[in-house]
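Structure record follows, encoded as structure tokens.
Right, dumping it as structure tokens:
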């Protein structure tokens, strides 16, 4: 087909030259099931509760004056999000569930071999969760692993409690890190598989999507100054649920919390919306990516200049989406220092005087939409 | 309620000072049922056919080498859109259906009294339509009125022919004219009623929506250099139909035809998308406004500085949407000269250095979204 | 087209022989805008409030210990439904809004000429509504006409208040009466127009749909023992809103309130669901019929044996839907006596031993679905 | 909560007494990824092509005069369905993809130890697929396992090719077998996990849902005379896609192909529709179940008398859905003989004189909906 508009599945991309790789441990990595919850620090717990509970409708499993434990409608584990009152808005943990208690031993061994700081608590770091391991990973992110967890009612059938924009699953995390190939190598050692990525003609990687469960990702690595948290994403059943969230924000005169979207992603093929919580933590609302569970699932590599990679409809990405992200904490609760990305930024190579994008590859007559319209 | 986020229905707004009103005829105006079709000149009939038929899925009632007659799925009259091959992309007629044959006599009388050029053809100006009156109206627009029309199959039940983005009704026209209060006075004399408008604190009117059928509008008057055609709008059943059109344009690598949206309008409360056809004629895809058929239907007046008036989610309006529009023809087929708007432009008073907008009225701490993010 | 599956628009059907027609008044009928509200008597106000407010989400405009005034989200008049506590579940009034105060005089004149009992109250019969006329119409139904009404906030933009199954408009009434052609003649004299009907090969009419506003109906006449009220219908924006109502009823373990559906109607082409309120009053939830405002709008006549007329997907109509309906009251609040239908019943001619239906006309090899599967 | 309407997750149900268990092999079972395709025999290839391609819109990967290979829009392997012309409508294979080529050795060993007939073909049994193992399993079903497969274009982004009812994934199989606990024991040995089941107060199991991928099922075992194939299920993105398929069948005057639904399942919480292909093979269209990938995913056990278990809205299950199913073939292509179920049938214990169902457990005043309405 000579005008094939769809992304071409490519053979697994060669890793970019990576002068400072994270060494591959000899230890067996833990068998990670899925991203399970994010533990975030917020500066005004009441304001955050209004955002996540009153506006977005996440379900409160448990709360006290310092912490709120929230879950989505189809979840049966204690929580998918912890709001923790603190002085600096930041991420305390990206937490993954592992298949068995023994996988915690493997996590300790894996990260110990990497020389990372590792802390294990039999009673867990948060309510509702038992034996847990937290590490400062080679990229500077606070990662957690656990298996034991309190089961709570799966509210999937409780339609009497659903709102029009009901969030039904935690879908994924997204992390900002300076060297995406380095991050990818480490994550593949940890057992993740890349499903899609964005590269340029020189082999620079701008972002990569990685999964354990059979969706497009449990987390993504976005190139930029880091370690920082780009966003946490919850899934709805259908697209109209996401549109409703926008309508509700308009009705509440809070439309300025909508940072980007709604729209259709090129990468992942999912429908999306990005919101900013009261501390500026970014939350994605997401629906309808595809099954990726086969070991030879085709990796889709997008050209960074393809103007439909980030938004399939060619709508512009707002600069803040490229530049802003949340700090992450070390295991003592201090903000991790930021390492600057040395490779080109995706924003620079695609927007404005230094960058270019196309709607149709090889089409020199028409530029991309932003250039035509703003 | 002290945080009421919805637009306040206001008593019918006073007409702005209007130094050059169109006189009110003594003649009874024709009883207009609804906007019925638009007759547009396109420069490349094959390219236009691809856009309207292959991409948007309008139904071909009849076609020849110079003209294509198209209708929507729920229509029973011969056409809602005529594509006519010609040298200059422009609008040949905004056509309204009237209640009875006698209303054509009233149309002749009404416009003759106004001193307008009037042409009546018993055989009609387009195929499928009988006795018709075309006029060059006081604002310079080519308006048509007809009653007799060929009935064709209403395809409402023909789901085997529907595509995922099926257009089911012609919804409305939108016209650009320099002096909105002047246009409004004339249109009210013609029997239209205003349902919503945009004003500022000085009483300047930026746009007004006017209806005959019981929807928010059959046409709108948008302040700007005119006479020009801003857009023609078709309705879908549901919002996902509109999202699909975007998805399809992405798949066809024609996402640059998406000018603005999709989004939720503040004005009309409808869900919308704006596309540009191969000649730059703007087409809106629209769904779910509200019933307006009562004579005391509350008029909603929006503040021009309210950043949710044009997009309820606060997403920015691209400048081309404010500045670009299609020429209109006189009854000889010549392009009507443009009169420049003297009052402030909506774009100037709301965007950038000369303008300001707010998400929450009276909220001085946070500006509108564009300012925060670009 | 030789396999045309869509209903064939027919020339306006001849009225069936009607030995006892309602005489046509010489008086001008009132100019009716639309069905506006239904006034129903319920036996347990708290149970009805749970159904209409807690489950269906209608908005309470005003309430006291004996009455609850409810409206839909896009309404700006005081109410669309009155729940009135009383000893017998019945309908106190089918209320229509008229264009002007003078139309009340016309209503009085019209019904007086017909020899009907007429009562006019300057202060209205219900809160929020002024000068009103109530009549016992020639078919035995309590009809009301009013123009003056208190305006309330149109909540169309208040998405913060919408539930997932939000009811946005009162759409129509449906009445049971023994002689449909007789009812049709009277209603046409009152200014209604038929949009669709169901007939058989002998010219028996089983039901007819009639409109004032530009939808398929403001009321329908269903053949059966009457006068009784078959249902009152509210509209949602989209089909998923209706599906949600079913999901919620399941979650509340009240699925037995679902009498029929959801499904697609053949007649009207709308998507539907029928519920029963705690007193057995039938409520339809309805969305997406088509524009009918042109005077020559094609009437669609369905064959009573067409198994897709009532459900486009051929799903069976439960017998209760044919047999059960609510009593109506006279102006003294007594239940109107029932007149038995003499012509064949739709259920008898289509279901079971005495009836037959087809999926494909002329197809003798396959019966209709119910026969195949139960 | 005292009125909890949702199914109560129960501890993993005890297997019913099972006097004739399939022995647990000592061999390691193959690591099954997912149900991958069904190979079915049809008697009229052109009629089947019309159903699966023209009506349902499955994508033709390859076809010849005897076979058609079809896939869904998000699939990247060669096919999800093979239509094979033959004299008797039956199922030739339920095919699963395994993780690695070595898993084929494990499949051979596993079934050889069970004494099953096993056939391995390096060139595969169908086009597009390499080394494959087919077995006559202990329940009499023709199961296939493969890893090597030809990759084809994943059409997920090809919205230009999507119809309004696009099928995007093969979701699951459903098999009829007399002794569900026996089947469950064997399937658990093969590595499947039960997610939901239906039992009665005496511990009789009527059906069980089993998964490898992280959805509610890759296959289900339905109690009845078997081995037979109950249905094969394809997923859509949203519920409106399923409703459209019904609308299209109505437009084509083929509504009698709709056997049951659309509706919401209690079990799985998915939205569903059952169709019958020209040979009577049952096809389910399905969307929106939930993630089940954790090893301690709560099993939901439904009471067979719960009238919302099969349809959350309480709509009746048509008897044919309980009684009809497709034969399955042995490896020589002969129809497998049927073994009669000895335990009570779900239809008998729930419908009619011998059965009872409830909407609210313990509610003796109101029966289930069918009893009230038919």
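Protein chains in written order, with UniProt numbering: chain P, 1 to 374; chain U, 1 to 374; chain V, 1 to 374; chain S, 1 to 374.
Ideal Cβ positions, reconstructed from N, Cα and C, are used throughout, including at glycine.
Just so you know, these numbers come straight off a predicted model, no measurement behind them.
(1) Indicate whether at least one CB of chain P lies closer than 8 Å to the CB of residue 19(U).
(2) Would you say residue 68(S) reaches chain V, if we count a Cβ-Cβ gap shorter than 8 Å as a contact?
(3) For residue 141(P), name the three-state secondary structure that DSSP assigns.
(4) So, are the CB atoms of residue 167(U) and residue 72(U) less than 8 Å apart?
(5) Does the count of Cβ pairs from the segment 140-150 of chain P and the segment 87-105 of chain P closer than 8 Å reach three?
(6) Which residue comes first and which comes last in the alpha helix (DSSP H) that contains residue 226(P)?
(7) Do we get a CB-CB distance below 8 Å when we pair residue 164(U) with the residues of chain S?
(8) In the DSSP assignment, the alpha helix (DSSP H) including residue 240(P) goes from what residue to what residue?
(9) So that I know if they touch, is there some Cβ in chain S lying closer than 8 Å to that of residue 241(P)?
(10) Would you list, in chain order, the members of the segment 54-82 of chain U that have their beta-carbon closer than 8 Å to a beta-carbon of chain S?
(11) Could you spell out the range, first to last residue, of the beta strand (DSSP E) harbouring residue 261(P)?
(12) 8 Å is my cut-off, CB to CB: does residue 258(S) come that close to chain V?
(13) Quick one: Cα of residue 375(P) to Cα of residue 173(V), how far?
(14) Taking 8 Å as the cut-off, decide whether the C-beta atoms of residue 165(S) and residue 85(S) are in contact.
(15) Quick one: what's residue 173(V) bridged to in DSSP?
(16) What span of residues does the alpha helix (DSSP H) with residue 321(S) cover, start to end?
(17) Give the range of the alpha helix (DSSP H) segment to which residue 184(S) is assigned.
(18) Please report how far the alpha carbon of residue 281(V) lies from the alpha carbon of residue 50(P), in whole angstroms.
(19) Given this structure, state the Cα-to-Cα distance separating residue 277(V) from residue 244(V), to the nearest angstrom.
(20) Flag this pair as yes or no: are the beta carbons of residue 310(P) and residue 250(U) separated by less than 8 Å?
(21) Expressed to the nearest angstrom, what Euclidean distance is found between the alpha-carbon atoms of residue 129(U) and residue 321(S)?
(22) Can you tell me where the alpha helix (DSSP H) holding residue 109(V) begins and where it ends?
(23) Assuming residue 419(V) is part of the alpha helix (DSSP H), what are its boundary residues?
(24) In terms of residues, what are the limits of the beta strand (DSSP E) holding residue 350(V)?
(25) I'd like to know whether the C-beta atoms of residue 176(S) and residue 225(S) end up nearer to each other than 8 Å.
(26) Would a check of beta-carbon distances place residue 293(P) closer than 8 Å to chain S?
(27) Would the beta-carbon of residue 301(U) fall within 8 Å of that of residue 202(U)?
(28) Strictly under 8 Å for the Cβ-Cβ distance: is residue 247(P) near chain V by that measure?
(29) In chain order, what residues of the segment 297-315 of chain S put their CB closer than 9 Å to some CB of chain V?
(30) How about residue 222(V) and residue 230(V): are their beta carbons less than 8 Å apart?
(31) Measure the C-alpha to C-alpha separation of residue 10(U) and residue 303(U) and round it to an integer number of angstroms.
(32) Starting from residue 151(S), follow its DSSP beta bridges and name the residues at the other end.
(33) Which residues share a DSSP beta bridge with residue 343(S)?
(34) Residues of chain U with CB under 7 Å from residue 52(S), in chain order?
(35) Rounding to the nearest angstrom, what Cα-Cα distance links residue 107(S) and residue 101(S) in this structure?
(36) Taking the straight line between their C-alpha atoms, what separation do you get for residue 293(V) and residue 40(U)?
Judging by the given coordinates:
(1) Output row for residue 19(U): interface = no.
(2) Taking Cβ atoms only, chain V never reaches closer than 8 Å to residue 68(S), which makes this a no.
(3) Here residue 141(P) sits in coil by DSSP.
(4) Yes. Within cutoff.
(5) Look at the beta carbons and you see the segment 140-150 of chain P touching the segment 87-105 of chain P: at least three pairs across the two are nearer than 8 Å.
(6) In the DSSP assignment, residue 226(P) falls outside any alpha helix (DSSP H), carrying neither H nor E.
(7) For residue 164(U), a Cβ of chain S is located within less than 8 Å of the residue's own Cβ.
(8) From DSSP, the alpha helix (DSSP H) with residue 240(P) extends over 239-251.
(9) For residue 241(P), the closest Cβ of chain S is not nearer than 8 Å.
(10) Against chain S - using a Cβ distance shorter than 8 Å - the segment 54-82 of chain U contributes no residues.
(11) According to the DSSP assignment, residue 261(P) belongs to the beta strand (DSSP E) that extends over 258-264.
(12) With 8 Å as the cut-off, residue 258(S) counts as an interface residue toward chain V.
(13) The structure shown does not extend to residue 375(P), since chain P spans only 1 to 374, so no value can be given for it.
(14) Not closer than 8 Å, so no.
(15) BP columns for residue 173(V) point to 219(V) and 232(V).
(16) Counting along the chain, residue 321(S) sits inside the alpha helix (DSSP H) bounded by residues 319-323.
(17) Residue 184(S): member of the alpha helix (DSSP H) spanning 180-189, first to last residue.
(18) Separation of residue 281(V) and residue 50(P) (C-alpha to C-alpha, rounded to the nearest whole angstrom) is 39 Å.
(19) Distance between the alpha carbons of residue 277(V) and residue 244(V) is about 17 Å.
(20) Cβ distance not < 8 Å, so residue 310(P) and residue 250(U) don't count as in contact.
(21) The straight-line gap from Cα to Cα measures roughly 53 Å.
(22) Per DSSP, residue 109(V) belongs to the alpha helix (DSSP H) from 102-113.
(23) The requested residue 419(V) does not occur in the structure, where chain V is confined to residues 1 to 374.
(24) Careful: residue 350(V) lies outside any beta strand (DSSP E), inside the alpha helix (DSSP H) at 346-350.
(25) Cβ atoms of residue 176(S) and residue 225(S): closer than 8 Å.
(26) Chain S contact via Cβ: present.
(27) Judged by beta-carbon spacing, residue 202(U) lies beyond the 8 Å limit of residue 301(U), meaning their Cβ atoms are not closer than that value.
(28) Cβ-Cβ to chain V under 8 Å: yes for residue 247(P).
(29) Answer in chain order: 307, 308, 311, 312, 313, 314 and 315.
(30) At the C-beta level, residue 222(V) and residue 230(V) come within 8 Å of one another.
(31) No answer about residue 10(U) holds up, because its pLDDT of 44 lies below 50 and its placement is not dependable.
(32) Per the DSSP secondary-structure output, residue 151(S) pairs in a beta bridge with 77(S).
(33) None; residue 343(S) has no bridge partner.
(34) Residues of chain U passing the Cβ test: none, with the nearest at roughly 16 Å.
(35) Going from the Cα of residue 107(S) to the Cα of residue 101(S) covers about 10 Å.
(36) One C-alpha to the other measures close to 25 Å.
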